[in-house]
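Worksheet: the structure to be examined is printed underneath.
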């Protein structure tokens, strides 16, 4: 589903991981169910990337690692004019890259 | 397991080349083989470190191509790909071949012909080592991961832009003494940080990292010749022994690491290498660390055990890691100024250290160097190979 | 008026009143100081000597840029191009780079070429920015039309300023239609991209009075980034 970013919840121990792995990081389990990476959290760190790869015609791109409530972490784009370590943000879904004409959706964090 | 020595080392000038990848690998290999005085001995196995041949140069099975170029058949041969740690991984494989008795003379060579594509393509190619769904799609590049890391590091340990600048200035000064370096231009604090014009000279790449915090995109190759220690001892001249090699891995997505300022794979790999060599970090005379970004030289110097975590920048400030200091780091100029043809780097670090241990490092010579350490940093720290070399006698 | 003067009058373009470019000094990453100043027509022969060997260097489109720049400067010297100017960058008096262009009208400038001789220190970036500074801050134009031969440098300007497309205008250098740098974009980009301090000290100005040429071999080595050892 293109408008959700999903992690994997281990059916044996309930541990939620993002990204998904073939083996549960906590208990070694092999069965998972998908869950949506969403909600609120705080910025752990961020950067403005000026030397961009293919597919971007921007002067720079703001990226962040966010720690969501509950401890799950995610990397995504940060749509905040005044970023700060520790600032509270909310996860949304948006177009994060257009590759070969195809729009790719992913996490975009906005200030609360 | 036999003890293993390095009897030959060579490299091409790093920088911009019109030569093909196999040409570069051949050049470096011939230089190392020439230095090895093999006599009648034949090369049994060839390990080629390379990350980008398939994508950048549209060529695969490079090791087989090299064997043909060098007329080394029927030697065993294969390519080794471990991202930016390909070089040290190939070296590790070469070591294992000799130590196990499977081969008596091994050629280890690493190379990259990165400038066959434009900068956007090269950036994207390196970015392909990041997690495809959780990192790459966001426009994450290696500088982006380094930028995220640097901001956190500065926030937590008080590292300042001046410290990052010092790494670059030191490494540029060292590279000015290295005929093989890509960039042989000295830079100053005024020019890159403190003058009003510095902001234009030194723009952001992935803030807080600036242009002079990031290594260039380079073409080049480096090579080593390995053999059993016993054989090396019969050849005369200073003998360089492989004391220890360690490797460790970590999470793929950087955000999954419990503490993203820790480089646990560096720590573990270094510990294993030291343990195998029976040495401690205090006994190291000279080191080559993987400074693809200036912050990494500081962070790796701590994780490898040379300085306390969070204090590496203080040692740098005091001049401990300068060429004339107590523990010179990156006498070659490091990746920052010597250059970083990705597959070549791990091998080139060891080439520099072999020269240092043999007293052949010219103007960069660290006096009396007897023990050396190298750290080759793959992915963004999720696959690291560390090596300890020692001079006998 | 003599017959020759009359003919010269037919062939020499009228000249707009163009204020001179005030020299400035830039601290480069190496700590060296580069003086950026305008040249007089009588300095053109010296520049032509520096440019000529590069006409045979294919790498990075040096050959096309050098050949065209040679022609433009020669035409400037002989009064056969309207309202052209040329700025040079000098490090300790030694020629590091050349830029040129001309004023099309009081509102519009036309950027010609950027030739870097001393590489690795963003000399080209600094001189290109100095050109834009001349057009907008000193000639008081509203925009500057730009194209380039080399894709590498051009992509950098395109994204860094950024430049806007102005495809309805054919650039004088021929080839592709123009891009433009507007006054608005320039002013926003100025803190990031335009370096240098004024006034330049008497001592530095004295040092930058005569243009010293790097030797032919040095120029080639710089431009080619040192010869690779042939296999």
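Chains as they are written, first to last, in our numbering: chain P, -2 to 109; chain L, 152 to 544; chain A, 169 to 399.
Quick reminder that beta carbons are idealized off the backbone N, C-alpha and C, glycines included.
- Task: Write down the C-beta distance between residue 290 (chain A) and residue 352 (chain L) rounded to the nearest angstrom, noting that I regard them as a contact closer than 8 Å.
- Result: 6 Å
- Task: Tell me the start and end of each unbroken beta strand (DSSP E) in the region 228 to 274 of chain A that is at least 3 residues and wholly inside, in chain order.
- Result: 252 to 259 and 262 to 271
- Message: Give me, in chain order, the residues of the same chain whose beta-carbon lies closer than 6 Å to that of residue 454 (chain L); leave out the 5 immediate sequence neighbours on both sides.
- Response: 414, 417 and 418
- Query: What three-state label does DSSP hand residue 539 (chain L) in the structure shown?
  - Reply: strand
- Local conformation of residue 360 (chain A) per DSSP, three classes: helix
- Task: Tell me whether residue 24 (chain P) is buried or exposed, calling it buried when 16 or more other Cβ atoms sit within 10 Å of its Cβ.
- Result: exposed
- Can residue 146 (chain P) and residue 86 (chain P) be called in contact, C-beta distance under 8 Å? Only positions -2 to 109 of chain P appear in the structure, and residue 146 (chain P) is not among them; the question remains open.
- Item | Cβ-heavy atom distance, residue 326 (chain L) to the ligand NAP, below 7 Å | Inclusion of the ligand NAP in the displayed structure is not the case, the ligand content being empty and no account of it being possible.
- Got a sec: which bits of the region 199 to 220 of chain A sit with their beta carbon under 9 Å from any beta carbon on chain L, in order along the chain? 199 and 200
- Taking Cβ-Cβ distances shorter than 9 Å, what residues in chain L pair up with residue 94 (chain P)? 287, 288, 289 and 290
- Message: Taking beta-carbon pairs under 9 Å, can you tell me which members of the region 28 to 58 of chain P lie near chain L?
- Response: 41, 42, 43, 44, 45, 46, 47, 48, 49, 50, 51, 52, 53, 55, 57 and 58
- Task: Could you list which residues in chain L have their beta carbon closer than 8 Å to that of residue 103 (chain P), in chain order?
- Result: 288 and 289
- Give the residues from the region 295 to 313 of chain L that approach chain P closer than 7 Å (Cβ to any Cβ), ordered along the chain. 295, 298, 299, 302, 303 and 306
- Query: Which one of L:538, L:491, L:510 and L:524 has the shortest CA to CA distance from residue 262 (chain L)?
  - Reply: L:491
- Grab me the residues of residue 243 (chain A)'s own chain with a C-beta within less than 7 Å of its C-beta, minus the 5 sequence neighbours each way, in chain order. 249
- Collapsed DSSP secondary structure at residue 303 (chain L) in the structure displayed: helix
- Collapsed DSSP secondary structure at residue 425 (chain L) in the structure displayed: helix
- Task: Under 7 Å between beta-carbons, which chain A residues line up against residue 322 (chain L)? List them in chain order, please.
- Result: Result: empty, since nearest Cβ-Cβ is about 14 Å, beyond 7 Å.
- Item | Contacting positions in the region 356 to 370 of chain L - beta carbon closer than 7 Å to chain P | 356, 357 and 358
- Message: So, at 6 Å on beta carbons, what are the nonlocal neighbours of residue 293 (chain L) in its own chain, with the 5 sequence-adjacent residues on each side left out?
- Response: 277
- Per DSSP, residue 213 (chain L) forms a beta bridge with which residues? Its beta-bridge partners do not exist; DSSP assigns none.
- Query: Three or more beta-carbon pairs under 8 Å between the region 476 to 484 of chain L and the region 440 to 457 of chain L, yes or no?
  - Reply: yes
- Item | Inter-stretch contact at 8 Å, needing at least 3 Cβ pairs: the region 10 to 22 of chain P / the region 262 to 271 of chain L | no
- Query: When the cut-off is 8 Å and only beta carbons count, does residue 265 (chain A) lie next to chain L?
  - Reply: no
- Task: Hey, could you find the ends of the alpha helix (DSSP H) residue 314 (chain A) is sitting in?
- Result: Where residue 314 (chain A) is concerned, there is no enclosing alpha helix (DSSP H), although the beta strand (DSSP E) it sits in stretches over 311 to 314.
- Apart from the five residues just before and just after residue 264 (chain A), which ones in its own chain have a Cβ nearer than 7 Å to its Cβ? 202, 257, 258, 285, 286 and 291
- Message: Let me see if you follow: with CB-CB separation under 8 Å, is residue 5 (chain P) close to chain L or not?
- Response: no
- Report, in whole angstroms, the separation of the C-beta atoms of residue 237 (chain L) and residue 208 (chain L), which I expect to be a contact under 8 Å. That belief does not hold up - the Cβ atoms of residue 237 (chain L) and residue 208 (chain L) are roughly 15 Å apart, past 8 Å.
- Helix, strand or coil for residue 480 (chain L), going by three-state DSSP, please let me know. strand
- Message: Between which two residues does the alpha helix (DSSP H) holding residue 293 (chain A) run?
- Response: 291 to 301
- Item | Cβ neighbour criterion (16 or more within 10 Å) applied to residue 335 (chain A) | exposed
- Name, please, each residue of chain P whose Cβ falls closer than 8 Å to the Cβ of residue 271 (chain L). 49, 50 and 51
- Message: On the criterion of 16 or more Cβ atoms from any shown chain inside 10 Å, does residue 508 (chain L) qualify as buried, or is it exposed?
- Response: buried
- Ends of the beta strand (DSSP E) at residue 368 (chain A)? From DSSP, residue 368 (chain A) is part of no beta strand (DSSP E); its letter is neither H nor E.
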